[in-house]
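What follows is a short report on a single structure.
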Amino acid sequence: MIRLTSIQYHFDDSTAKTDSITCNFSVTSDRNEYLNGNVTLLAKDLEEGTTLDDLTRKQIETLAKTRFAKLAQGGEA
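Counting in our numbering, the sequence shown runs from 205 upward without gaps.
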């Protein structure tokens, strides 16, 4: 299971709007194998008309988890 361990917001100094959101994840298997990593969400990753400031924590987790899973499988997110 992919577990979200932290969310970090990064703000534009001049506008105070969110520039990016970095999410950290951890995965541990029953065999004690593990994978840790982070993904960064950018405004260009969202549907047109949606900003990073519009997202709820659940939406952030869902988007970031999808990107993390793709990266873990060796694909481009």
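C-beta: ideal position from N, C-alpha, C; glycine also.
(Q) Please list the terminal residues of the continuous alpha helix (DSSP H) segment that includes THR209. (A) First-last for THR209: 206-215, but that is the beta strand (DSSP E), not the alpha helix (DSSP H).
Q | Sequence-distant residues of the same chain with beta carbon closer than 8 Å to PHE215, five excluded per side | A | LYS221, THR222, ASP223
Q.
Taking the alpha helix (DSSP H) that THR226 belongs to, which residues open and close that run?
A. Here THR226 belongs to no alpha helix (DSSP H); instead the beta strand (DSSP E) covers 222-232.
Q. When DSSP builds the beta bridges, which residues end up paired with THR254?
A. None; THR254 has no bridge partner.
(Q) Is it the case that the region 252-260 contacts the region 233-243, given that we only count it when at least three CB pairs across the two stretches are under 8 Å? (A) no
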